[in-house]
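Note that the sequence shown covers residues 1 to 51 in the numbering used here.
Just so it is clear, CB atoms sit at the ideal spot from N, CA and C, and this is done for glycine as well.
For reference, the structure is listed below as structure tokens.
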Amino acid sequence: GYPTLYDPFETFYLRYVYRRVRDCFNRPICSVPGATLTLKDRVTNDHGWSF
1 GYPTLYDPFE
11 TFYLRYVYRR
21 VRDCFNRPIC
31 SVPGATLTLK
41 DRVTNDHGWS
51 F
């Protein structure tokens, strides 16, 4: 049949792994691409749930 709609590993990964490290990978760049980049600092007050 049908594939499962609820994957326990995907939920675990999103909840405990991705939310903690997404600040490292999803960095907004505030300058043009080149040898040096300017990154925008982000602040979170709810432990990484939103920025």
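{"Check": "Say whether the region 27–34 touches the region 1–16, bearing in mind that this needs 3 or more beta-carbon pairs closer than 8 Å, one atom from each stretch.", "Outcome": "no"}
{"Check": "Just how far apart, CA to CA, sit G1 and R20?", "Outcome": "35 Å"}
{"Check": "Can you grab the Cα-Cα spacing for the pair T11 / D23, in whole Å?", "Outcome": "19 Å"}
{"Check": "Please classify L71: does DSSP put it in a helix, a strand, or coil?", "Outcome": "No statement about residue 71 is possible, as the shown extent of the chain runs from 1 to 51 and does not include it."}
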